[in-house]
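Here is the structure we will look at.
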Amino acid sequence: MMIGATLPATNLHFYQARKSSFRCNGSPLNPSRKGNPVNTQNMTKKHLSNLEKLLQNQSMKPQLLDLNKVHQESSNGSNENNINNISSVTPQVGSKEGKMCTDVNPTFVGKKLLEGLNLSRYWPEHKVAEEMSPRHLNRLKKMLSSSNIEYSPRNSLGSRWKEYHGSNDWLGLIDPLNENLRRELVRYGEFIQAAYHCFHSNPATCEDEGTWGPRNVALPDKSYKVTKSLYATSSIGLPKWVDDVAPDLGWMTQRSSWIGYVAVCDDRSEIQRMGRRDIVIALRGTATCLEWGENFRDLLVQIPTETETESAKVEYGFLSLFQTAGVNVPSLAESVVNEVQRLIEQYKGESLSITVTGHSLGAALALLVADEVSTCAPDAPPVAVFSFGGPRVGNRSFAERLNSKNVKVLRIVNNQDLITRVPGMFVSEELDKKLRESGLVSGVLNALDKSMPWAYAHVGTELRVDTRMSPFLKPDADVACCHDLEAYLHLVDGYLASNCPFRANAKRSLARLLNEQKPNIKRLYTSKGKGLNHNLEREHSFSAPS
């Protein structure tokens, strides 16, 4: 019965990188106090001159500058130093200062110190863009080019694959984020993007018998093959007068729609790398009018079970899409269970895993799918869920039900994504946990869980990212951007730890993000992207935004 709290992120301007360390400090050279804007170059040069003197005296321990004193001195016309002098500040190897910085690249430190000066106060953003260094321009060009797409290395998971699959609830792998887990998360997110692309390339479905066959899904990972197409059917319909008023809505009003697929790894080298044969179930988010209608049917209802004592409940609309059969098409629940049973029997004797991944509505349905397939066979393989931007699905009893079935859930949540905070009562997860642990009102909260129709609770382990930590996205990006799947993958690829800034060596291409969320990209990068003559619409082929 909660709603996720939005915690303000700390904007860190100074990041001191050390081997096997993730210590991040705010820059003392950029105090929170704001002075009156200064437009003279003398002010800037004097500011940098003071920085050089400070570095020479204190080496790697910069102290807080008195901006009022700097303003006063600059008004007297002092102009002794040049901006290039800062490059000469380097600790000597073998000295006390050098020992402090054995793992710090001087160029990297100098760059971060310049960022801490917040020079955008003195030059407009477009001028900073014009003066972007050739090295940064080349990196931006590479990140925007489809011919130079880079990926994080795929290391061999070997016998540790169960840890990355959640056997220990990802203990020690989240904060800081393990590089192998990061690559796996991005990979599973791209399976969802393939589902979006396949649906938007041909969203209409015909309800005639025999037309519900498999679709050609362009999988990003060629080591997998699609074995089953999945459809979801709504139990509600639009009034007939809607077709009379808006006859061109077409597929937006269809009751049954293609929503995802089942795929299995079929490449021996990839099976060896992953340590098992993986079965993937990928589900897209909301697309049709009736799917939106089901989303708003937010009352909790009992899950049909053999035992009357179980109190697990889920949202009515999600359960409807999961269990409703269409004309000549089975329900999503029936389709996925039959296919998983067939694959388990086909690869009997091999080491298998079942990975369910989804975004938005697909993240909600992924929990229902995992709940169903975890008991579909006597010796069912380990089941894990990787969800992106998923809403709450059920009550605390439903979460306990999944835990009892050993279903592992990793929820990737954007701090600014509103969808992850609904449905449910307006109480944060953190506050609810403290109240229950205190024991003062735990009895009352437990009683409310059983009686209230909106007593929702999240499931599993959480990986929380933040739009404001990206150097490319605007800190005030709109709601659609904060929920967009590509934005999620961009943030995951750049995530280091909860107290660290965006990683400098993030490899994911910006091309799709710029194509889908251009109004939410900082002008520095959109202007340079345009200046590099990248016709993104011609160079890249993208589906509709997710």
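Residue numbering for the sequence shown follows the working numbering, beginning at 56 and increasing consecutively.
For glycine and all other residues, C-beta sits at the position ideal for the given N, C-alpha and C.
Pull up the distance between the alpha-carbon of residue i and that of residue j, whole angstroms please.
{"i": "arginine 238", "j": "asparagine 469", "result": "18 Å"}
{"i": "glutamate 455", "j": "serine 442", "result": "18 Å"}
{"i": "tyrosine 580", "j": "leucine 528", "result": "9 Å"}
{"i": "methionine 524", "j": "serine 406", "result": "39 Å"}
{"i": "isoleucine 399", "j": "asparagine 393", "result": "10 Å"}
{"i": "valine 241", "j": "asparagine 461", "result": "24 Å"}
{"i": "asparagine 123", "j": "phenylalanine 557", "result": "Below a pLDDT of 50, predicted positions are generally treated as unreliable, and asparagine 123, at 47, falls in that range; the measurement from the model is reported next regardless. Near 32 Å, if we compare the C-alpha coordinates of phenylalanine 557 and asparagine 123."}
{"i": "threonine 516", "j": "arginine 466", "result": "6 Å"}
{"i": "glutamate 571", "j": "proline 258", "result": "19 Å"}
{"i": "tyrosine 316", "j": "valine 281", "result": "7 Å"}
{"i": "valine 391", "j": "valine 428", "result": "8 Å"}
{"i": "leucine 565", "j": "asparagine 271", "result": "26 Å"}
{"i": "alanine 318", "j": "alanine 559", "result": "34 Å"}
{"i": "valine 159", "j": "leucine 518", "result": "Residue confidence is low: valine 159 scores 47 on pLDDT, short of 50, so the model does not pin down where it sits. Its coordinate-derived value is still stated next. Whole-angstrom Cα-Cα distance: 28 Å."}
{"i": "leucine 423", "j": "tryptophan 313", "result": "17 Å"}
{"i": "cysteine 536", "j": "lysine 403", "result": "43 Å"}
{"i": "asparagine 383", "j": "proline 530", "result": "48 Å"}
{"i": "serine 284", "j": "cysteine 431", "result": "19 Å"}
{"i": "threonine 260", "j": "tryptophan 306", "result": "7 Å"}
{"i": "arginine 563", "j": "valine 520", "result": "16 Å"}
{"i": "glycine 348", "j": "serine 324", "result": "44 Å"}
{"i": "serine 256", "j": "serine 104", "result": "58 Å"}
{"i": "aspartate 434", "j": "threonine 360", "result": "20 Å"}
{"i": "glutamate 294", "j": "alanine 561", "result": "As written in the sequence, residue 294 is proline, which differs from the glutamate given in the question. Cα to Cα, proline 294 sits roughly 49 Å from alanine 561."}
Could you check what DSSP says for residue i in three-state terms: helix, strand or coil?
{"i": "leucine 528", "result": "strand"}
{"i": "serine 553", "result": "coil"}
{"i": "asparagine 469", "result": "strand"}
{"i": "lysine 460", "result": "coil"}
{"i": "serine 42", "result": "Here the chain covers residues 56 to 601 and nothing more, so residue 42 does not appear."}
{"i": "phenylalanine 31", "result": "Coverage of the chain is limited to positions 56 through 601, which leaves residue 31 absent and any answer about it impossible."}
{"i": "arginine 323", "result": "helix"}
{"i": "lysine 562", "result": "coil"}
{"i": "lysine 74", "result": "For lysine 74, the pLDDT reaches just 40, beneath the cut-off of 50, and the residue's location in the model is therefore unreliable, leaving the point undetermined."}
{"i": "isoleucine 474", "result": "helix"}
{"i": "glycine 381", "result": "strand"}
{"i": "tryptophan 306", "result": "helix"}
{"i": "arginine 332", "result": "strand"}
{"i": "isoleucine 399", "result": "helix"}
{"i": "threonine 341", "result": "coil"}
{"i": "alanine 435", "result": "coil"}
{"i": "glutamine 357", "result": "strand"}
Once the 5 residues before and after residue i are set aside, which same chain residues still bring their CB inside 8 Å of it?
{"i": "alanine 273", "result": "Ala249, His252 and Cys253"}
{"i": "glutamate 389", "result": "Ala380"}
{"i": "valine 297", "result": "Leu304 and Thr308"}
Report all residues from its chain with a CB closer than 6 Å to the CB of residue i; omit the five preceding and five following residues, and keep chain order.
{"i": "aspartate 439", "result": "What sits at residue 439 in the sequence shown is alanine, not aspartate. Excluding residues within five positions, the ones whose Cβ falls inside 6 Å are His220, Gly221, Thr410 and Lys463."}
{"i": "aspartate 230", "result": "Ala552 and Ser553"}
{"i": "tyrosine 371", "result": "Arg352, Leu354 and Val356"}
{"i": "alanine 25", "result": "Past the edges of the chain, shown from 56 to 601, lies residue 25, and the structure says nothing about it."}
{"i": "leucine 676", "result": "Lying before the first or after the last residue shown, residue 676 is absent from the chain, which here runs from 56 to 601."}
{"i": "tyrosine 243", "result": "Thr412 and Phe441"}
{"i": "proline 449", "result": "The question names proline, but residue 449 in the sequence shown is glycine. Answer for glycine 449: Lys368 and Val369, listed in chain order."}
If we call anything under 8 Å between Cβ atoms a contact, is residue i one with residue j?
{"i": "threonine 412", "j": "valine 335", "result": "yes"}
{"i": "leucine 416", "j": "glutamate 346", "result": "yes"}
{"i": "asparagine 350", "j": "threonine 343", "result": "no"}
{"i": "glycine 445", "j": "alanine 425", "result": "no"}
{"i": "leucine 355", "j": "lysine 368", "result": "yes"}
{"i": "tyrosine 279", "j": "cysteine 320", "result": "yes"}
{"i": "aspartate 472", "j": "histidine 538", "result": "yes"}
{"i": "serine 408", "j": "aspartate 322", "result": "no"}
{"i": "arginine 339", "j": "isoleucine 247", "result": "yes"}
{"i": "tyrosine 550", "j": "leucine 232", "result": "yes"}
{"i": "lysine 217", "j": "proline 436", "result": "no"}
{"i": "valine 547", "j": "leucine 457", "result": "no"}
Please confirm whether residue i has its beta-carbon closer than 8 Å to some beta-carbon of chain C.
{"i": "serine 324", "result": "Included in the structure is just one protein chain, with no chain C present."}
Suppose the cutoff is 7 Å on Cβ atoms and the five residues either side in sequence are ignored; what does the same chain contact list for residue i look like?
{"i": "arginine 310", "result": "Thr288, Ser289, Gly292, Leu345 and Gly381"}
{"i": "asparagine 235", "result": "Asn210, Leu212 and Tyr219"}
{"i": "threonine 379", "result": "Thr288, Ser289, Ser290 and Ser386"}
{"i": "threonine 245", "result": "Looking at the sequence itself, residue 245 is glutamate, so the reference to threonine does not match. These residues qualify, in order along the chain: Pro275."}
{"i": "aspartate 609", "result": "Look at the range of the chain in this structure, 56 to 601, and you will see that residue 609 is not part of it."}
{"i": "proline 526", "result": "Phe557"}
{"i": "glutamine 396", "result": "Cys431 and Ala432"}
- [ ] Spell out a yes or no on whether the segment 206–221 and the segment 324–332 are touching, meaning 3 or more CB-CB pairs, one atom from each, closer than 8 Å.
- [x] They touch, by the three-pair rule.
TODO: Could you say if the segment 373–386 and the segment 283–291 meet the contact criterion of at least three C-beta pairs nearer than 8 Å?
DONE: yes
TODO: Check whether the segment 536–544 touches the segment 569–578, counting contact only when three or more Cβ pairs, one atom from each stretch, lie closer than 8 Å.
DONE: These segments touch.
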